Structures are given as structure tokens and as C-alpha cells.
Amino acid sequence: MADDFRHYTVMLDEAVDALECQRGKIYVDCTLGGGGHSELILKRISPEGRLIAFDIDEEAIAHAKERLKDFPNITIIKSSYTNIKEELNKLGIDKITGGVILDLGASYHQLTKGERGFSFSKEAPLDMRFDMQSDFSAYDVVNKYHEDDLVRIFSEYGEERFSKRIAKKIVETRRTAPIRTTKELADIIISATPRVKSHIHPATRVFQAIRIEVNNELKNVNIVLHDILDLLDDGGIISVISFHSLEDRIVKNIFKYESQKCRCNEMICKCPPPRIALVNKKPIMASEKEILENPPSRSAKLRIARKIC
Numbered sequence: 000m001a002d003d004f005r006h007y008t009v010m011l012d013e014a015v016d017a018l019e020c021q022r023g024k025i026y027v028d029c030t031l032g033g034g035g036h037s038e039l040i041l042k043r044i045s046p047e048g049r050l051i052a053f054d055i056d057e058e059a060i061a062h063a064k065e066r067l068k069d070f071p072n073i074t075i076i077k078s079s080y081t082n083i084k085e086e087l088n089k090l091g092i093d094k095i096t097g098g099v100i101l102d103l104g105a106s107y108h109q110l111t112k113g114e115r116g117f118s119f120s121k122e123a124p125l126d127m128r129f130d131m132q133s134d135f136s137a138y139d140v141v142n143k144y145h146e147d148d149l150v151r152i153f154s155e156y157g158e159e160r161f162s163k164r165i166a167k168k169i170v171e172t173r174r175t176a177p178i179r180t181t182k183e184l185a186d187i188i189i190s191a192t193p194r195v196k197s198h199i200h201p202a203t204r205v206f207q208a209i210r211i212e213v214n215n216e217l218k219n220v221n222i223v224l225h226d227i228l229d230l231l232d233d234g235g236i237i238s239v240i241s242f243h244s245l246e247d248r249i250v251k252n253i254f255k256y257e258s259q260k261c262r263c264n265e266m267i268c269k270c271p272p273p274r275i276a277l278v279n280k281k282p283i284m285a286s287e288k289e290i291l292e293n294p295p296s297r298s299a300k301l302r303i304a305r306k307i308c
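Oh and the sequence shown: position 175 is 174 in numbering that gives the first Met the number 0, straight run, nothing missing.
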């Protein structure tokens, strides 16, 4: 097991408890990461149950394989969870009989490993890829995107109020030479924004926006949630942890729409029956104890739904 692989499993008990794990059923962990959720699921469903786990990060997979080596009933797939239908079909699985868990966003390991280029606090090449075999990285976004596109992603994905100023400064700077490192980009952002009192570093929102763009995070969440609802068997449960408002908004809106009895607002409703029932109308938050142990947990929100049709 890699000594430098560090990962904190957020809301471990809450997210897995929500699945109501039963032996003999099929479960899917769409975001294997450090393997914490998968390990607890396996302990509860073994030996008769089966777990399929997805990840595109080779380092995470290597770590998880070592951690879960004593469980013969797990299948780890190096692929994006957006390929869930195709990959389960290859395994001869047409229905997920137990449940699905998603732990969205970047892992602690990815964010803190300097050479991956996710952090503005460590000098590294502009990268930010979850899948290191991908040809598209943060370098491409920063150095090749039109100024208007930079403004759009900084505004939409980072909710950055100085998006126009930052985008303009990036374009001006790269005319002289490409922007290659996280420190270069962070310094440009700092120089483009006014000094304001905040506990958040000026580069935080822009780095988040670029990471989301590089990895298609929001588009992928939207795709996979609809695919999961198609695959879940009646009674199956979906447990989703999100870490920022954009992700949570997608989960909330899809869950709300799919749980409504009427979606047409016509005098005579012809809507099909709702596909899911909400297990919790308000998101579950991390406990005070967990937040003390792992401060980033304070932003986590857990939403749970059960397939009913």
C-alpha cells in the first residue's frame, strides 16, 4: 500500500448505513477513492453480496486493491462512473439490486499531492486531471480557452465575482509566455483581484472552477444520476455525498423532480408515477466530532433516495 496515500472517508457510517446493506444483493461504489466506503459495504454484504467499484485514478485503485485484497466479492473497474451502464452490461448485470454510493469531488489525496496540480499552495505543473491518461488538463484551459469562456467557467463553476478581471489578466499574461505552474496562476489571480477581508484564498474559486471544467464534474454528475435511476431495482437506494453547492444543487433538483407526483402542472395530470422517494428531505451533515477530525467535512451534504418505480 502506498505510504503517501492519504484519504479520509467522509460520513462513512452515515452514507453506508443509508444503503441498508443486505447480503446477496449487488451494490455499486461509483467513487472508490481510498476504499473506505467500499470496505464497510463489503463487511456488511460478504460473503454472498457483490460490490462493483469505479475509479479513474490509478493511484487510488492501487491503494484500494491492497486495502480490499481479502474480499473476493469486489470488482474494481478503471473507468468513469459515466460508463456505468456499459460496464455493468459487460458483467451481465442489468439491475443494481442493493444500492449505489457516490462521494463526489476530488479526494484528499488528489488535492494534497503536489505534483497533481490541484493546489495553489504547492508549486506544480498545471494539471488537475483525475484520470492521468487524459490528454486534457488545466494547462489547456488556462492557455487555450477564449477569454469569454474563462469568464463563464469562473463565474458558473467557481462563483467568482472577479471573473472578468481574472480572465483578462490571464489572457494578457499568456500572450508573452504560456502559464505553466500553479504558483504562476495563483500569483496572476492575486494580482487581478482587490484585497478583501476573507478567510478564503483569492485563488480558491478559480482553481475549483478549472478542476470542474477539466474533469467535467458537473456534467458527469447529471449523467450518472439519471443512469443510476435507470439501473436501480425497486427498493434500491442511492446515497450521494456532495461538497459544494453546485453539485448539491444538481442532486437536489434531480431528486426533487423524480420524486414528484406531478411535473406538468396541467389541469389533468398525465405524468408517470414518481421514480424515487426521498429518504431525507434535508441533507444530512457531518457530525461535530467528524468535523473536528477532518475540517473539510463541514461542507459535505448527504442526500438519500429509494427507487420505487
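Backbone N, C-alpha and C define an ideal beta-carbon position, used for all residues, glycine too.
As the structure is a computational prediction, the values presented were derived from the model and not from experiment.
State the start and end residues of the unbroken beta strand (DSSP E) segment that holds A137.
Taken as a continuous stretch (DSSP letters only), A137 belongs to no beta strand (DSSP E), being part of the alpha helix (DSSP H) at A137 to K143.
Who are the Cβ neighbours of V311 in its own chain at under 7 Å, not counting the five residues just before and after it?
Beyond the ends of the chain as shown, which are 0 and 308, falls residue 311; an answer cannot be given.
Could you check if D2 is buried or exposed, using at least 16 other CB atoms within 10 Å of its CB as the buried criterion?
Low confidence applies to D2: its pLDDT is 47, below 50, so where it sits in the model is not reliable, and the reading given next is rough at best. Exposed, because fewer than 16 other Cβ atoms sit within 10 Å of the Cβ of D2.
Return helix, strand or coil for D28, following the three-state DSSP convention.
The answer is strand: DSSP assigns D28 an E or B state.
May I have the straight-line CA-CA distance separating T180 from R173, to the nearest angstrom?
Their Cα atoms are separated by approximately 12 Å.
List the endpoints of the continuous alpha helix (DSSP H) containing D12.
D12 -> alpha helix (DSSP H) spans L11 to D16.
Opposite A304 in the DSSP bridges: which residues?
I237 and L277.
Starting from I211, trace the alpha helix (DSSP H) both ways and give me its first and last residue.
I211 -> alpha helix (DSSP H) spans T203 to N214.
Report yes if the CB atom of H6 is closer than 8 Å to the CB atom of G35, and no otherwise.
Yes, Cβ-Cβ distance for H6 and G35 is below 8 Å.
Checking 8 Å against the spacing of the C-beta atoms, do L217 and E246 come in under that value?
For L217 and E246, yes; Cβs fall inside 8 Å.
Span of the beta strand (DSSP E) holding A52?
Where A52 is concerned, the enclosing beta strand (DSSP E) stretches over R49 to D54.
If you scan the stretch 139–183 from start to end, which runs of the beta strand (DSSP E) of 3 or more residues do you find wholly inside it?
If we require 3 residues or more, the stretch 139–183 turns out to have no beta strand (DSSP E) run fully inside it.
To the nearest angstrom, how far is it from the Cα of N279 to the Cα of V15?
Rounded to whole angstroms, N279 to V15 spans 15 Å at the Cα level.
Decide if N214 is buried, meaning its Cβ has at least 16 other Cβ atoms within 10 Å, or exposed.
Buried: at least 16 other Cβ atoms inside 10 Å.
Taking the C-alpha atoms as reference points, what is the distance between N78 and K168?
It is worth fixing the name first, because residue 78 is Ser in this sequence and not Asn. Taking the straight line from one Cα to the other gives about 36 Å.
Considering only the beta carbon of each residue, do T74 and G33 sit closer than 8 Å?
Cβ atoms of T74 and G33: not closer than 8 Å.
Put L228 into one of helix, strand or coil per three-state DSSP.
Reduced to three states, the DSSP call for L228 is helix.
Alpha carbon to alpha carbon, what distance is there between K260 and C268?
Going from the Cα of C268 to the Cα of K260 covers about 9 Å.
Measure the alpha-carbon distance for K288 versus L277 and round it to whole angstroms.
For K288 and L277, the distance between alpha carbons rounds to 26 Å.
In the DSSP assignment, the beta strand (DSSP E) including G98 goes from what residue to what residue?
Residues G98 to D102.
Does the pairing of the stretch 248–265 with the stretch 286–304 give three or more beta-carbon distances under 8 Å?
Contact holds: three or more Cβ-Cβ distances are below 8 Å.
Please classify P271: is it buried, with 16 or more other beta-carbons within 10 angstroms of its beta-carbon, or exposed?
Per the 10 Å Cβ criterion, exposed.
With DSSP as the reference, please indicate the residues paired to N8 in a beta bridge.
The identity of residue 8 in the sequence shown is Thr, whereas the question assumes Asn. Per DSSP, none; premise fails for T8.
L125: which of I178, E86 and V99 sits nearest, CA to CA?
Selected option, being the one with the closest Cα: I178.
Give the straight-line distance between the Cα atoms of M127 and S133, rounded to the nearest whole angstrom.
For M127 and S133, the distance between alpha carbons rounds to 11 Å.
How far does the alpha helix (DSSP H) with K269 in it reach, from first residue to last?
K269 -> no alpha helix (DSSP H), and no H or E assigned at all.
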